[in-house]
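Reminder that position 113 of the sequence shown reads as 114 in my numbering, one-by-one numbering, no gaps.
Every residue gets a Cβ at the ideal spot worked out from N, C-alpha and C, and that includes glycine.
Only one structure is covered here, and it is reproduced in the block below.
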Amino acid sequence: MERSMTTFTGDDTCPSAIFIEEFEDVAQTMHWTNIEKLIYTKRLLDGTAKLFLRTLGRVKDYPTLKNALLDEIGPKMNNATIHKKVTSRKMKNSETFQQYFLIMKEMAFHGNALIEYVIDGIRDSEINKAILYGATDIKQFRKKLEVYAQIKEHKMQQRPIQMTTGLCMNVRHFMYLIDCF
Numbered sequence: 002m003e004r005s006m007t008t009f010t011g012d013d014t015c016p017s018a019i020f021i022e023e024f025e026d027v028a029q030t031m032h033w034t035n036i037e038k039l040i041y042t043k044r045l046l047d048g049t050a051k052l053f054l055r056t057l058g059r060v061k062d063y064p065t066l067k068n069a070l071l072d073e074i075g076p077k078m079n080n081a082t083i084h085k086k087v088t089s090r091k092m093k094n095s096e097t098f099q100q101y102f103l104i105m106k107e108m109a110f111h112g113n114a115l116i117e118y119v120i121d122g123i124r125d126s127e128i129n130k131a132i133l134y135g136a137t138d139i140k141q142f143r144k145k146l147e148v149y150a151q152i153k154e155h156k157m158q159q160r161p162i163q164m165t166t167g168l169c170m171n172v173r174h175f176m177y178l179i180d181c182f
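This is the structure:
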């Protein structure tokens with residue numbers, strides 16, 4: 002069970018409130034008692050959070066541990082901090098579009114602004130990213146993102162266009178950048 006749950010270090014960008022919320026979702030599904038919640042929470046703590054736990058002494062109930070974690074551990078992020086983090090995060094060369102989207106979704110938590118943040122973070126011209134605009138919800142945006150990824154992959158596989166010094170006057174050739182010379 003523990004392997005399927007995320008550990009909490011208190012060092013990363015995950016606020017303690019998010020860790021607690023996700024943990025309690027699992028606990029509710031599993032119908033855990035407060036004793037079981039206490040045991041599993043302690044097992045999921047690592048790094049600074051585990052050190053903090055040791056400084057508390059003997060914690061005997063889950064509500065006490067929960068409140069201590071919420072009060073003391075993890076970044077306290079307000080909307081301005083979240084906005085700053087999300088707008089400064091750009092897609093890395095090693096990330097897929099799907100990975101980038103999920104990282105941004107996690108950072109932004111929820112909200113309509115997520116789509117705009119993701120589009121802004123993709124390193125490409127606005128013309129190429131135009132396909133991504135117009136989505137009204139996350140599900141629709143993910144479909145557009147898949148199409149965009151396929152287009153980018155297809156373009157990478159095509160041969161580079163050879164530019165010539167001559168000028169072809171055939172309008173169709175010009176529109177499709179066909180090398181006439």
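Can you have a look at residue i and say buried or exposed, based on whether 16 or more other CB atoms are within 10 angstroms of its CB?
i	result
threonine 134	The sequence given here places tyrosine at residue 134; threonine does not occur at that position. Under this definition tyrosine 134 is an exposed residue.
valine 184	What the structure shows of the chain is the stretch from 2 to 182, and residue 184 is not part of that stretch, so it cannot be assessed.
alanine 131	exposed
proline 16	buried
glycine 122	buried
leucine 52	exposed
isoleucine 74	buried
isoleucine 120	buried
lysine 61	exposed
lysine 85	exposed
lysine 38	buried
What residue from the options has the CA that sits closest to residue i's CA?
i	options	result
tyrosine 149	Met108, Phe102, Phe20 and Gln29	Phe102
glutamate 22	Gly58, Ile40, His32 and Lys67	Lys67
isoleucine 116	Lys38, Phe20 and Lys140	Lys140
tyrosine 118	Thr65, His155, Ser89 and Glu154	Ser89
Could you check whether residue j and residue i sit closer than 9 Å to each other, using their CB atoms as the reference points?
i	j	result
leucine 70	threonine 42	yes
threonine 49	glycine 11	yes
isoleucine 83	methionine 105	no
glutamate 25	phenylalanine 98	no
isoleucine 19	tyrosine 63	no
asparagine 129	lysine 153	yes
Taking residue i and residue j to be in contact with their CB atoms under 8 Å, please state how far apart those CB atoms are, rounded to whole angstroms.
i	j	result
methionine 6	leucine 45	6 Å
methionine 92	arginine 124	6 Å
Please determine whether the Cβ atom of residue i lies at a distance below 8 Å from any heavy atom of the ligand SAM.
i	result
aspartate 47	The model on display carries no ligand, and the ligand SAM is accordingly not part of it.
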